[in-house]
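Sequence lines, in order, name chains A and B.
Residue numbering for the first sequence follows the numbering used here, beginning at 50 and increasing consecutively.
Residue numbering for the second sequence follows the numbering used here, beginning at 50 and increasing consecutively.
To start, the structure under review is shown below, and the notes come after it.
Protein chains: 2
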Amino acid sequence: MPITLTDIRRAAERIQPLIHRTPVLTCETLNRKSGAKLFFKCENFQRAGAFKMRGAANAVLSLSESDRAKGVATHSSGNHGQALAKAAQSVGIPAYIVMPSTAPEVKKRAVAEYGAEIVFCEPTLQAREDTLAQVIARTESTFVHPYNNEQVITGQATAALELIEDSEGLDAIMAPVGGGGLLSGTALSAHYLLPQAEVIAGEPAGADDAYQSLQVGQIIPSEKPNTIADGLLTSLGDKTFPIIQEYVKEIITVSDEEIIAAMRLIWERMKIIIEPSCAVPLAALLKQADDFAGKRVGIILTGGNVDLTSLPFS
Amino acid sequence: MPITLTDIRRAAERIQPLIHRTPVLTCETLNRKSGAKLFFKCENFQRAGAFKMRGAANAVLSLSESDRAKGVATHSSGNHGQALAKAAQSVGIPAYIVMPSTAPEVKKRAVAEYGAEIVFCEPTLQAREDTLAQVIARTESTFVHPYNNEQVITGQATAALELIEDSEGLDAIMAPVGGGGLLSGTALSAHYLLPQAEVIAGEPAGADDAYQSLQVGQIIPSEKPNTIADGLLTSLGDKTFPIIQEYVKEIITVSDEEIIAAMRLIWERMKIIIEPSCAVPLAALLKQADDFAGKRVGIILTGGNVDLTSLPFS
Numbered sequence: 050m051p052i053t054l055t056d057i058r059r060a061a062e063r064i065q066p067l068i069h070r071t072p073v074l075t076c077e078t079l080n081r082k083s084g085a086k087l088f089f090k091c092e093n094f095q096r097a098g099a100f101k102m103r104g105a106a107n108a109v110l111s112l113s114e115s116d117r118a119k120g121v122a123t124h125s126s127g128n129h130g131q132a133l134a135k136a137a138q139s140v141g142i143p144a145y146i147v148m149p150s151t152a153p154e155v156k157k158r159a160v161a162e163y164g165a166e167i168v169f170c171e172p173t174l175q176a177r178e179d180t181l182a183q184v185i186a187r188t189e190s191t192f193v194h195p196y197n198n199e200q201v202i203t204g205q206a207t208a209a210l211e212l213i214e215d216s217e218g219l220d221a222i223m224a225p226v227g228g229g230g231l232l233s234g235t236a237l238s239a240h241y242l243l244p245q246a247e248v249i250a251g252e253p254a255g256a257d258d259a260y261q262s263l264q265v266g267q268i269i270p271s272e273k274p275n276t277i278a279d280g281l282l283t284s285l286g287d288k289t290f291p292i293i294q295e296y297v298k299e300i301i302t303v304s305d306e307e308i309i310a311a312m313r314l315i316w317e318r319m320k321i322i323i324e325p326s327c328a329v330p331l332a333a334l335l336k337q338a339d340d341f342a343g344k345r346v347g348i349i350l351t352g353g354n355v356d357l358t359s360l361p362f363s
Numbered sequence: 050m051p052i053t054l055t056d057i058r059r060a061a062e063r064i065q066p067l068i069h070r071t072p073v074l075t076c077e078t079l080n081r082k083s084g085a086k087l088f089f090k091c092e093n094f095q096r097a098g099a100f101k102m103r104g105a106a107n108a109v110l111s112l113s114e115s116d117r118a119k120g121v122a123t124h125s126s127g128n129h130g131q132a133l134a135k136a137a138q139s140v141g142i143p144a145y146i147v148m149p150s151t152a153p154e155v156k157k158r159a160v161a162e163y164g165a166e167i168v169f170c171e172p173t174l175q176a177r178e179d180t181l182a183q184v185i186a187r188t189e190s191t192f193v194h195p196y197n198n199e200q201v202i203t204g205q206a207t208a209a210l211e212l213i214e215d216s217e218g219l220d221a222i223m224a225p226v227g228g229g230g231l232l233s234g235t236a237l238s239a240h241y242l243l244p245q246a247e248v249i250a251g252e253p254a255g256a257d258d259a260y261q262s263l264q265v266g267q268i269i270p271s272e273k274p275n276t277i278a279d280g281l282l283t284s285l286g287d288k289t290f291p292i293i294q295e296y297v298k299e300i301i302t303v304s305d306e307e308i309i310a311a312m313r314l315i316w317e318r319m320k321i322i323i324e325p326s327c328a329v330p331l332a333a334l335l336k337q338a339d340d341f342a343g344k345r346v347g348i349i350l351t352g353g354n355v356d357l358t359s360l361p362f363s
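This is the structure we're talking about:
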């Protein structure tokens, strides 16, 4: 059953107590440098530091009463794990987060701070899936996939909903693409609310499975992705791909150098902290600046969780 | 002639085309950590990256028609130099900025980007003053002191004016103190608009001339200041000290470790970029948290100009 505008609006109401309505910022210097008029939806200021809070909150709040008591589970060493932990904590239910034992201390600490139970596994896909299956068997908790989940996609769609409400007459909306949860949600909100706007994604060249998938018309999984944009390593899912195929006009790939340069521009000129994955759409826009000249472009800034002790600036 | 509320309100109107009305942000995590309710006036988002734009704009726009044509001059390798350059550029008049030849490239570039003429000097106080005197003799430009100047103080006072307008019923207002331009302006606005609020400053222990001066009741110049808060190395002036003496309740000194810890909290939790000097009031509040428990405290975040390639986080 396709996700409707009503679903998205209901999700926006449902999650409202658990999320911030983040601001839309502009920056004269970046307008001048890009030749476009940019509207940045600042999900780096979102609770738990990323847009992932929207999907996680919607998934948690959509559970039945009996499922809710048993809690939620996922595998993630990134923003989804933190977001699900925080969403579960906010409503007082258990969260079980499967993480590789090799995950950075800062990420383990963040999840633990939100009161989740961390279950460590070996750093392989197989171990991760096996461990998650064991956790779910033991706890009867509900698996909330980081992106291939309709409640999650619907929750992520609320970022573009707010962006469209808070900026006037966008010609294009941009988001990064990893597993496609945010991009598919963004594409749906744009399709329903601003059908004349083009939805364009940025993707790291070192993890360009979505670009490849659109080219050949079927999901091409990411193989050995290698990019600084560590939130975008995952491959599209069977729930996100069809939406992206139908509603996304173009995926622009960018190098890590272009990502770091765009990230630095935002840090230096906007004085806000974003993570590398978050800089990908601006990098894509600057790479193909001619395509956006004079246009009003909304860009979803996805998150601000970085390790301040290892930054890519030199 | 003392600076009046009318002066401050006129300055606010005058500079309005040249500055941003910066947002007042809150942060649940920092409220929880501090035990107070904090309202951050984000001058790190100000034009040219710091509150200094307010004083510089007010000084530039207060010049007579004939003085305006000859331009403005100052010595500064920091935010005041950038701000004066940008203010002058905005109204199309020359700016002459005296900087030590040893200043960081990034600061030279910023001033040059705003179209100012940089005049280099040896890195001594004597050379700086001599060079500035030569520049003024040559150009007949008007010297705009970084803080010991009534137009500058009045301009800086507009930050607290906006903070008071945009937050309700503050019990205290905090700012850092270097030369005292911002602190004296803040104290004046609070005195006129919110007389029941306490004005409290944070100062680096390694540059505690304002603290010393208040203790003994006369200006004690900074000798060999040594702190990471490089915007706060200067000593009070004869225009700022009397205002501070009259209207500032307390100056709290903090170590560089405390400054870096507070800076890191703001970066990590608020996802915004501030410079070390800017973290000093929060460091002071956290150091004496009991004094602020349960209070509504406005904090002026002064600036966001940092060199991303040499950050103090480890």
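Glycine included, each C-beta is placed from N, C-alpha and C at the ideal position.
Close beta carbons around residue i, own chain, < 7 Å, minus the five adjacent residues each side
i         : result
His129(B) : Lys101, Ala105, Thr123, Pro195
Phe362(A) : Arg313
Minimum C-alpha distance to residue i - residue among the options
i         : options                                    : result
Ala328(B) : Val303(B), Pro143(B), Lys344(B)            : Val303(B)
Ala161(B) : Ala97(B), Ala206(B), Leu87(B), Trp316(B)   : Ala97(B)
His69(A)  : Lys86(A), Gly343(A), Gln264(A), Cys91(A)   : Cys91(A)
Val364(A) : Gly164(A), Leu335(A), Glu178(A), Gly120(A) : Given a span of 50 to 363 for chain A in the structure shown, any question on residue 364(A) remains unanswerable.
Gln267(B) : Asp279(B), Gln294(B), Ala254(B)            : Gln294(B)
Glu307(A) : Pro330(A), Ile323(A), Tyr296(A)            : Pro330(A)
Pro72(B)  : Asp215(B), Glu199(B), Asp339(B)            : Asp215(B)
Gly126(A) : Pro172(A), Ile349(A), Lys119(A)            : The displayed chain sequence assigns Ser, not Gly, to residue 126(A). Out of Pro172(A), Ile349(A), Lys119(A), Pro172(A) has the C-alpha closest to the C-alpha of Ser126(A).
Ser113(B) : Ala254(B), Ala85(B), Ser238(B), Ile142(B)  : Ile142(B)
Val193(B) : Ser238(B), Arg103(B), Leu237(B), Leu174(B) : Arg103(B)
Ile309(A) : Leu360(A), Leu210(A), Val201(A), Ala85(A)  : Leu360(A)
Trp316(A) : Gln337(B), Leu357(B), Gln261(B)            : Leu357(B)
Residue-chain proximity (residue i, chain A), Cβ-Cβ < 8 Å
i         : result
Phe94(B)  : yes
Leu357(B) : yes
Gly353(B) : yes
Ser363(B) : yes
Glu154(B) : no
Ile321(B) : yes
Glu317(B) : yes
Leu242(B) : no
Leu369(B) : Absent from the structure is residue 369(B), since the part of chain B shown begins at 50 and ends at 363.
Residue-level contact to chain B via CB, residue i, 8 Å cutoff
i         : result
Leu231(A) : no
Gly204(A) : no
Arg313(A) : yes
Gly98(A)  : yes
Close-in-space but distant-in-sequence residues of the same chain around residue i (CB under 8 Å, 5 per side omitted)
i         : result
Gly228(A) : Pro195, Tyr196, Asn197, Thr283, Ser284, Leu285, Gly286, Thr289
Leu219(A) : Phe88, Leu212, Ile213, Leu243, Ala246, Arg345, Val346, Gly347
Close Cβ partners of residue i (< 6 Å) along its chain, the five nearest in sequence each way excluded
i         : result
Ala256(B) : Ser271, Pro274, Thr276, Leu281, Leu282
Asp56(A)  : Thr203
Val226(A) : Leu232, Ala250, Glu252, Ala259
Leu181(A) : His124, Val147
Val201(B) : Gly104, Ala108, Gly230
Straight-line Cα distance separating residue j from residue i
i         : j         : result
Ile321(B) : Val355(A) : 12 Å
Pro185(A) : Thr191(A) : Position check: residue 185(A) holds Ile in this sequence, whereas Pro was assumed. So the two alpha carbons sit approximately 7 Å from each other.
Ala333(B) : Gly251(B) : 5 Å
Ala61(B)  : Thr207(B) : 6 Å
Ala221(B) : Leu263(B) : 19 Å
Pro138(B) : Thr351(B) : In the sequence as displayed, the identity of residue 138(B) is Gln instead of Pro. So the alpha carbons of these two residues sit roughly 22 Å apart.
Ile292(B) : Pro153(B) : 33 Å
Phe169(B) : Ala132(B) : 18 Å
Ala224(B) : Ser83(A)  : 36 Å
Pro149(A) : Ala159(A) : 15 Å
Ala176(B) : Gly353(A) : 44 Å
Gly120(B) : Gln65(B)  : 20 Å
Ala338(A) : Lys86(A)  : 11 Å
Buried versus exposed call for residue i [16 or more other C-beta atoms within 10 Å across all chains shown]
i         : result
Lys298(A) : exposed
Met319(B) : buried
Met50(A)  : exposed
Glu217(B) : exposed
Leu94(A)  : For clarity, residue 94(A) is Phe in the given sequence; the question names Leu instead. So Phe94(A) counts as buried.
Val265(B) : exposed
Thr75(A)  : exposed
Arg187(A) : exposed
Thr235(B) : buried
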